[in-house]
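Residue numbers (our numbering), protein chains in the order written: chain A, 5 to 399; chain B, 5 to 399; chain C, 5 to 399; chain D, 5 to 399. Below is one structure; the comments refer to it alone.
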């Protein structure tokens, strides 16, 4: 929550509530006819490893200008995140002072109490979005990840294979709180939790927000396919200097990240590109600013070679925060309409979209966008079902 | 015909016919289920201002390698384009030795004789694609451009306001030959000729092939809109050194070109971008290779500024030739199915798509591509109607 | 003075004086052994077409941050530029309310009074740097530009061929005030004024500050020559949105600008590059930020072709202001050492360096830099000669 | 020798000899007044791990066009490299069928016999340039690397710490053959061999040819320093797909390569850049073509941030071959003039220039270039001393 994305979302919503900012960059702002909760009705809270209020946290990330922060200083300064569940077996890059103590069941109960209190405090519905630092890749061959009953027993046994991200997802699902995973961590995606979300009719979505480079990749690749321009190689490199970049210096976390970027291209093109390289570099001069440089080698008519180079000078949190907000609004709608399990139609927001069954996801951005709009219109038109409020998960 | 695009198309089809090349870069090659004429059944012929055979012409353009040209030297060497209708009031950049002599009606009769002879020669159907150098922008306020009967009288009167491109389009339409305009010149788009095409049930399409920079612009802009990333400015510059670039050094021709690039962006974004600059520079070191450099200034969440830069190192004729071929195949299908007037569903191939009525065209590439595939499937499924063969127009 | 460069220089010197900033970006800051006036001893004043104080002016240019401006608000707010001499025959892009009234001789007397008053006010020496908007290109074939006596008579006759920039240069030279021309305008470079500067032993230098694109061009070109990489073409394009860019929209001013960029390349390479294009585009989203994009086509061993692309995301005034300051410091040194006429060793600061005689200037950045350091060391070591203070010219 | 650089050099010299090519890209071609051996008098031979003639080898590298290769097919086809000394403890990326057999002393004797035979065959002087694949980094703390007598004993003992590159350098030096190291391998640079070269008065030079990215880095960095533009970070990434790139996939070889790029920047700027990243990526679509992309983050006046991006689309062997040729010509001159030990003035050709003593090398390109020209003029003017001929070393 005290991360760059969480504080940017919190400050942004506050600026919009006060009429100091337009909803620029919020993808669904222009669709006023949909039954989505208005931005100004959203209240943001969450967890953090560090003990500072949101104003202090936002200052360290240097995403927002002094003017922007001052305008909402009172509001952000009064909000202090709950202490996040932490386990350094799963996240070595960015850690707080110490690991959480308590059994899995105790930690879950704590999370659920926090959610209940917040819901009653704001007198509304809650949605949780995982914005925490990326956890290490976890092998999920064990049956505890594959069957809900085995997962429950593993919780009882305090099984070390269950990561904080899974604890949060479980806490939400069993409390009827919709859950979106904006990170590459393995969380609600494991079959056991997907089974639970279906059974309890709780909407979940994920994973790994599609912000900069992968966004453009899934925009351009389908167009190259439509023009039969064959991709011989695609070299993607990134430089970024924020906490996210620092976490990704640890090979175990990076593995998770690269993994979610992997088959995107094959999916968009219809054939594998052997020379598809994705590099992520921690480079401090940029801070939260990020530069994503792509070189695409293509062959056209008669095999002639051409190149496309794309350089995206972007701001990580500025791209991510509005997506996190829209995912929350969409999951809230799904929850009110009684949709449970993976909401596949939200795939446009994710690098590695979860699907409801075993089929592979669609990665093509134009197709995903069309599916989102179709779903939004159809779902908005359905009669209401339930209730809650919006809480992003830790960072 | 002896231009870079025409000779590349001719050599390419010949290489494919002989099995020396795959149909890479031909957008519809993968749709083998559609009722389009097979590439190897196509025969290409046309007009030129210069008196050389296609092999000699292809050598001067330096698009194809020596190996590629040698493989089809016999075939290309044996084909000598017909003498093109020429009028230096309409094209100053690239001209032959002298203007055509004869009345409008005589010139039209000549074109029609050439088409008939070719059709009987190959025993097939004919389609004409305009690949000629860009003509100057023509003011079309006069009624001769707006009503078929007035246009007919202007032909009788040898009216100087009728350009070579219009003569060709008229000759085709009145002979039942489908006509596509791959250039920015004013031709079949004038209301008088559109009326005629509808009345005679002859399919027409245009205008100005969407090859490099505008292609990518219409791919990226809709995605920026979907993500609510506001475009503050878009600066596009090109360097190219082929005959096309030389023609565009003449302000009157350039005006036509820039004109067709104009409202593309507004259409894709849903709002005007005041700082949308498009520059075209004749720069000889590149020859037919072209470099299209775009800088996009965008604002995201909370108005934060970001930039996207795209550098497309492309080959003009390599991108254009396969589109010209596919347009011809689609128009041939339309003709066989008895579709007359503007085939609006071919908009994906053009920078300035003609529409059947007064409504503005769709410019978004993903939407155009979906419409093309929908049309192809629906039209392929219809019963056959007529017959002909494929002839590109001059260059 | 109230332009972007002048206000940036004034605010910067003030921030350094107060110890709020380091002398980053000031090329000669590291040479503490040279006899140059310390930055903190400099006082900046000047002329402007607009009637606002320096604080108000600096706000409109958006170069400096709110924090930076607030820190020196008192100082800048108390300084109001003198009214500049203005003549809309020479500068159409940016003009004040009305042209100056008075004869040439009266205007000159006014300037000289302002300089004297300032010198006595600060009790120091004065240097004038021309930072005004670019004037139109002037044909200088007439003898009034070539002989000092003819120029004097033209002043007496109120000759319309004498521009404001020439009036300022004359006023300085005849008052013993060193004069540097940071703009492309024709000013002290005309033979008549060079003759005068030599005769009166007043140092002059110019013209057109070498800030971004030309700076890098003269860095890279000599290295390509050293490696025998032949330049086949060099395409330079710029986008910028400040007042300078606006002025350059007027073809007459642009001509002056492009002119000074012209033979730089030939000089650095030792042979002419026929395809050397320089484009300047007024593009508002950037404001004072500027983007200079270069594409260089080169041939290496066995004629193989390669490309170098350079993209410089720079800030015009941030690059220019420290050069203007260093030119002033150097001219002041020259004046104290009794050097008159063109100080050729300052060529590294200019796009179109003036030379003392008829020989062409050196444009190679490394050679210029070496000459500057040689001159600084030699001149610093000479005994002192004279006295004054530093005043930049209008903007 | 059968590598991309060696075959390009051999074919190039042959094309120049026959008058089919100009000496474009050869840095010293324009200095006809220097006493360097004419290009057409050079004969190239060498060693290789693979058993093919130079024509077959050149075909596999795809650097030269079919036309270029055919023109010299007879000559290249008739030359079969000697079998190179090979040891897979030192080079795992690219290896021949098996390691060389024989003691160190036997291998050295073999090399010297080959050199003698070649010298007598061409009736000329010999120079050896190491163009072999990069060997692994070797720790050189042991005294065998530091004292000539210890090195001699290690040879007698068949010490496994002596790499093939060292054997070649030793063979040359003790036979009076000048030796240049164009690779990052540890070879003549070890103190023991430098001592020997001084004692025997044999000129040596190295190491690691400064071709693309580092060349531009040492051109731009000194200019940034001259303008006091502070480098906050420098991110360099490369994509290349030739055998060199493949070898560099092995971390041990890469370490050698990155090592030689390391302190270049500190040296040019006068201060360390903590965020200086250099990445090399093996990316096959490019083959011998290489793309070097640099992003430079700089701070200027008042600490304002700017960026420079450089994209060099180059051809590795086309840049390297002429440097290898010029190094050979310079070493030959040094040998004839009786200069022994490290020829420090050749630093401009190397990424990690060796110095004659313990002082650090100069990396600034302009300073190196000036020193080269000074040395060439001074040395050319000296009276002749000795004699030999030119042989590049293996690859």
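Heads up, the beta-carbon is just placed ideally off N, CA and C, and yes, glycines get one too. The structure displayed is predicted, hence computed values, not measured ones.
Quiz item: Does the beta carbon of residue 70(B) come closer than 9 Å to any beta carbon on chain C?
Solution: False, the Cβ-Cβ gap to chain C never drops below 9 Å.
Quiz item: From residue 386(B) to residue 379(B), what does the alpha carbon distance come to, in whole angstroms?
Solution: Their Cα atoms are separated by approximately 11 Å.
Quiz item: Is residue 119(B) buried or exposed, if buried means 16 or more other CB atoms sit within 10 Å of its CB?
Solution: Buried: at least 16 other Cβ atoms inside 10 Å.
Quiz item: By DSSP, does residue 34(C) sit in helix, in strand, or in coil?
Solution: Coil at residue 34(C), not helix or strand.
Quiz item: Are residue 356(C) and residue 347(C) close, meaning C-beta to C-beta below 9 Å?
Solution: Contact flag unset, no.
Quiz item: For residue 209(C), does the three-state DSSP call read helix, strand or coil?
Solution: Looking at residue 209(C) - three-state DSSP - the assignment turns out to be strand.
Practice problem: Going by CA-CA distance only, name the one from 47(C), 55(C), 68(C) and 63(C) that's closest to residue 307(D). | Solution: Of 47(C), 55(C), 68(C) and 63(C), the residue nearest in Cα terms is 68(C).
Self-check item: 6 Å CB neighbourhood of residue 393(B) in its chain, flanking five on each side removed
Solution: Any reading at residue 393(B) must be qualified, since the residue scores a pLDDT of 44, below 50, and its modelled position is unreliable; no value is offered.
Quiz prompt | Cutoff 9 Å: residue 23(C) Cβ touching any chain B Cβ | solution = No, residue 23(C) does not count as interfacial toward chain B.
Quiz item: What does a CB cutoff of less than 8 Å around residue 215(B) pick up in its chain, not counting 5 residues either side in sequence?
Solution: So the qualifying residues of the chain are 318, 320, 323, 324 and 327.
Self-check item: residue 275(B), buried or exposed, once every other Cβ within 10 Å from all chains shown has been counted against 16
Solution: So residue 275(B) ends up on the exposed side.
Quiz prompt | CA-to-CA distance, residue 51(B) to residue 76(B), given in whole angstroms | solution = If I take the Cα positions, the gap works out to 20 Å.
Exercise. Report yes if the C-beta distance between residue 220(C) and residue 284(C) is below 9 Å; otherwise report no.
Key: With respect to residue 284(C), residue 220(C) sits apart: the two C-beta atoms are not nearer than 9 Å.
Practice problem: Grab the span of the beta strand (DSSP E) containing residue 295(C) for me, first residue to last. | Solution: Where residue 295(C) is concerned, the enclosing beta strand (DSSP E) stretches over 293–303.
Quiz item: Pairing CB atoms from the region 141–158 of chain B with CB atoms from the region 197–204 of chain B, are three or more of them under 8 Å?
Solution: These segments touch.
Exercise. Starting from the beta carbon of residue 319(A), find every residue of chain B whose beta carbon is closer than 8 Å, and list them in chain order.
Key: Within chain B, the C-beta atoms nearer than 8 Å to that of residue 319(A) come from 304, 308 and 310, in chain order.
Exercise. Leaving aside the five residues before and after residue 298(D) along the sequence, list all residues of the same chain whose C-beta is less than 6 Å from its C-beta, in chain order.
Key: Within the same chain, residue 298(D) has close Cβ partners 240 and 314.
Quiz item: Whose C-beta lies closer than 7 Å to the C-beta of residue 14(C) among residues of the same chain, with five residues either side of it excluded?
Solution: Closer than 7 Å at Cβ, skipping near neighbours: 48, 58 and 80.
Self-check item: CB contact check: residue 315(C) to chain A, cutoff 9 Å
Solution: At least one chain A Cβ lies under 9 Å of residue 315(C).
Quiz item: In whole angstroms, what is the alpha-carbon distance linking residue 17(C) and residue 30(C)?
Solution: Straight-line Cα distance between these residues: approximately 11 Å.
Quiz prompt | From 180(B), 370(B) and 9(B), residue whose alpha carbon lies closest to that of residue 227(A) | solution = Taking only the C-alpha atoms, the option nearest residue 227(A) is 370(B).
Exercise. Give, in chain order, every unbroken run of the beta strand (DSSP E) that is at least 3 residues long and sits entirely within the region 164–241 of chain A.
Key: Counting whole runs of 3 or more residues, the region 164–241 of chain A contains the beta strand (DSSP E) stretches 182–185 and 207–210.
Quiz item: Among residues of its own chain, excluding the 5 on either side of residue 288(D), which ones have a beta-carbon nearer than 6 Å to its beta-carbon?
Solution: Close CB contacts of residue 288(D) within its chain, under the 6 Å cut and outside five residues either way in sequence, are with 245 (chain order).
Quiz prompt | Short-range partners of chain A found in the region 220–241 of chain B, where Cβ spacing is below 8 Å | solution = Across the region 220–241 of chain B, CB contacts with chain A closer than 8 Å involve 220, 223, 224, 226, 227, 230, 231, 232, 233 and 234, in sequence order along the chain.
Quiz item: Looking at the unbroken beta strand (DSSP E) that takes in residue 279(C), where does it start and where does it end?
Solution: That run of the beta strand (DSSP E) goes 279–286.
Quiz item: Taking buried to mean at least 16 other C-beta atoms within 10 Å of its own C-beta, is residue 23(D) buried or exposed?
Solution: Under a 10 Å Cβ-count criterion, residue 23(D) is classified as exposed, with fewer than 16 other Cβ atoms of the shown protein chains found around its own Cβ.
Quiz prompt | Limits of the unbroken beta strand (DSSP E) element including residue 134(D) | solution = Counting along the chain, the unbroken beta strand (DSSP E) around residue 134(D) starts and ends at 131–134.
Quiz item: Considering residue 334(D), what are the terminal residues of the alpha helix (DSSP H) in which it resides?
Solution: Element bounds for residue 334(D): 320–340.
Quiz item: Which of helix, strand or coil does DSSP assign to residue 352(C)?
Solution: DSSP places residue 352(C) in helix when its eight states are reduced to three.
Quiz item: What are the partner residues of residue 314(A), as DSSP defines its beta bridges?
Solution: Answer by DSSP bridge pairing, in chain order: 298(A) and 314(B).
Quiz prompt | Enclosing alpha helix (DSSP H) for residue 160(B) [first to last residue] | solution = Its alpha helix (DSSP H) spans residues 152–160.
Quiz item: Any Cβ of chain C within less than 9 Å of the Cβ of residue 289(B)?
Solution: With 9 Å as the cut-off, residue 289(B) counts as an interface residue toward chain C.
Practice problem: Flag residue 39(C) as yes if its beta-carbon sits less than 9 Å from any beta-carbon of chain B, otherwise no. | Solution: Not flagged as an interface residue toward chain B: residue 39(C), since no C-beta distance is shorter than 9 Å.
Quiz item: Under 9 Å between C-beta atoms, does residue 279(B) make it to chain C?
Solution: Residue 279(B) belongs to the set of residues whose beta carbon lies under 9 Å from a beta carbon in chain C.
Self-check item: Proximity of residue 177(D) and residue 204(D) at Cβ, strictly below 9 Å
Solution: In terms of Cβ geometry, residue 177(D) and residue 204(D) form a close pair [threshold 9 Å].
Exercise. Return the first residue and the last residue of the alpha helix (DSSP H) that residue 141(C) is part of.
Key: Careful: residue 141(C) lies outside any alpha helix (DSSP H) and carries neither H nor E.
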